[in-house]
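S.K.: Residue numbers (the numbering used here): 565 to 1003.
Dropping the structure here:
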């Protein structure tokens, strides 16, 4: 590592060394860091707390969704839902992520990212506590939307917090929380059915138990509720001139649009998988418990790969080849589900699990496609909001096609077909450039 301070305008693939000169770097306010605080831009006591907070938050960003996927049939019967309404239910997560995620930068400027993530964990806890008491579809959707609102703002701010507090470890910290996110996703998918049976067999208890994990995630973030100085200095707080200047122009960036489309297409596949894959296996004759485990296998593939892929991507100038490989695995998995859903179930679950690792790749590219912390805030909100808007029709359309066709042939053809444009926009988003280059 060089003894000289590295200028912040370099791309994310270069790891900056800690500055040793007492003279502050004039680029620091745009970098989203406070170099005087040392290597991690936070006090020594706060770094492990923040790391624990990132892991616990990530663990809670998907159980509200995958626990429902494992019990979707029971919830549908218990609340008297049709197949189309159940499809609408699987479309609620991306809708909430798009609507509420776009508010994250404004909330972060006003209250600080740490406080917003803390509030997000509180909202997740409240939604998961209230959902089991719903006596109808509308109340169930409202409680789910509350939890998903908390997930939405946290989704957007995770890359921002990593960029700000760990500017020299973006790849490894992104990998850490991506791995925790995959672990929480797979844990909820695998454990929900057995836990439900152990607690008496009620789907309401099986869904509500995940509120305990969400409540634990609130605690570390309390330490950052009042940490406003770092947030303001980062360009996310008030007075960030670069932030305000770049806000209206990001829509003119081809890279930003490519990232938004890539994020949307991978999210479409992920939420179709989380919402419908257990039902695909159950309709093929697989038991409910095994179907939940198969979904868990798909999700658990993200635990090691979510740590490896961001680190690999951070070392590459062009991340397009990774996007192509992941999409090719998705094509193979959907083809397998079409021709032999039960016979090769474990292989298809593995292939789709690899394909779903396009999510940590997208998060890594968001951190690499801007030179500044303020740019990452805007790019993260833009790409995720656009992406989740794109992904809304997918799960709903699958439900409609499933109900009207009476089988999974047409829905699986749709899922496989979406892998082709995902490859294309992934190649465009992976090019070695930043949004500042285009603006």
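Beta carbons: idealized from backbone N, C-alpha and C, even for Gly. Fair warning: this is a prediction, and the values are worked out from it, not measured in the lab.
Going by C-alpha to C-alpha distance, which of 942, 743, 630 sits closest to residue 998?
M.R.: Nearest of 942, 743, 630 to residue 998, Cα basis: 942.
S.K.: Can you tell me whether residue 774 is helix, strand or coil according to DSSP?
M.R.: Here residue 774 sits in coil by DSSP.
S.K.: Please list the segments of the alpha helix (DSSP H) lying wholly inside the region 602-678, counting only runs of 4 or more residues, in order along the chain.
M.R.: If we require 4 residues or more, the alpha helix (DSSP H) runs fully inside the region 602-678 come out as 610-623, 627-634, 636-642, 647-665, 668-675.
S.K.: On the three-state DSSP scale, how would you describe residue 568?
M.R.: Any answer about residue 568 is weak, because its pLDDT of 40 lies below 50 and its placement is not dependable; what the coordinates show is given next. In this structure, residue 568 counts as coil in the three-state DSSP scheme.
S.K.: What are the boundary residues of the alpha helix (DSSP H) that includes residue 953?
M.R.: Note, residue 953: alpha helix (DSSP H), 937-955.
S.K.: Closest by CA to residue 901, which one among 697, 780, 735, 849?
M.R.: Checked all of 697, 780, 735, 849; the closest Cα to residue 901 is 849.
S.K.: In three-state terms, what does DSSP make of residue 598?
M.R.: Residue confidence is low: residue 598 scores 37 on pLDDT, short of 50, so the model does not pin down where it sits. Its coordinate-derived value is still stated next. Residue 598 falls in the coil class under three-state DSSP.
S.K.: Under 7 Å Cβ to Cβ from residue 852, same chain only, skipping five residues before and after it: list those, please.
M.R.: Result list for residue 852: 757, 846, in chain order.
S.K.: Can you tell me where the alpha helix (DSSP H) holding residue 871 begins and where it ends?
M.R.: Run containing residue 871: 866-879, per the alpha helix (DSSP H) assignment.
S.K.: When you measure from the CB of residue 920 to every non-hydrogen atom of the ligand SAM, does any distance come out below 6 Å?
M.R.: With respect to the ligand SAM, the structure offers nothing, as it holds no ligand at all.
S.K.: Quick check on residue 803: does DSSP put it in helix, strand or coil?
M.R.: Since pLDDT at residue 803 reaches only 39, below the 50 mark, its modelled position is unreliable, and the value read off the structure follows with that caveat. If DSSP states are grouped into helix, strand and coil, residue 803 belongs with coil.
S.K.: Here's the rule I'm using: 16 or more other beta-carbon atoms within 10 Å means buried, otherwise exposed. How should residue 868 be labelled?
M.R.: Exposed, because fewer than 16 other Cβ atoms sit within 10 Å of the Cβ of residue 868.
S.K.: Quick one: is residue 702 buried, meaning 16 or more other Cβ sit within 10 Å of its Cβ, or exposed?
M.R.: With fewer than 16 other Cβ atoms within 10 Å, it is exposed.
S.K.: So the candidates are 789, 980, 947; which of them puts its Cα closest to the Cα of residue 679?
M.R.: When each option's Cα is compared against that of residue 679, the closest is 789.
S.K.: Hey, could you find the ends of the alpha helix (DSSP H) residue 763 is sitting in?
M.R.: Segment: none, residue 763 is in no alpha helix (DSSP H) and carries neither H nor E.
S.K.: So is residue 641 buried or exposed if we call it buried at 16+ other beta carbons inside 10 Å?
M.R.: Flag for residue 641 reads exposed.
S.K.: With respect to the alpha helix (DSSP H) encompassing residue 896, which residues constitute its N-terminal and C-terminal limits?
M.R.: Taken as a continuous stretch (DSSP letters only), the alpha helix (DSSP H) holding residue 896 covers 884-903.
S.K.: Taking only three categories from DSSP, how would you classify residue 921?
M.R.: Here residue 921 sits in coil by DSSP.
S.K.: Determine the DSSP secondary structure at residue 689, reduced to helix, strand or coil.
M.R.: Correct three-state label for residue 689: helix.
S.K.: For a test of the three-state rule: what should DSSP assign to residue 862, helix, strand or coil?
M.R.: Helix.
S.K.: According to the neighbour-count rule (16 or more other Cβ atoms, all chains shown, within 10 Å of its Cβ), is residue 593 buried or exposed?
M.R.: Its pLDDT being 34, under 50, residue 593 is placed unreliably in this model, and the value from its coordinates should be taken loosely. By the neighbour-count rule (16 or more Cβ atoms within 10 Å), residue 593 is buried.
S.K.: According to the neighbour-count rule (16 or more other Cβ atoms, all chains shown, within 10 Å of its Cβ), is residue 763 buried or exposed?
M.R.: Exposed, by the Cβ-count rule.
S.K.: Within 10 angstroms of its Cβ, does residue 1004 collect 16 or more other Cβ (buried), or is it exposed?
M.R.: Within the shown structure, residues of the chain are numbered from 565 to 1003, placing residue 1004 beyond reach of any answer.
S.K.: CA-CA distance, residue 669 and residue 787?
M.R.: Cα to Cα, residue 669 sits roughly 20 Å from residue 787.
S.K.: Can residue 855 and residue 842 be called in contact, C-beta distance under 7 Å?
M.R.: Yes; because the gap between Cβ atoms is below 7 Å, this pair is in contact.
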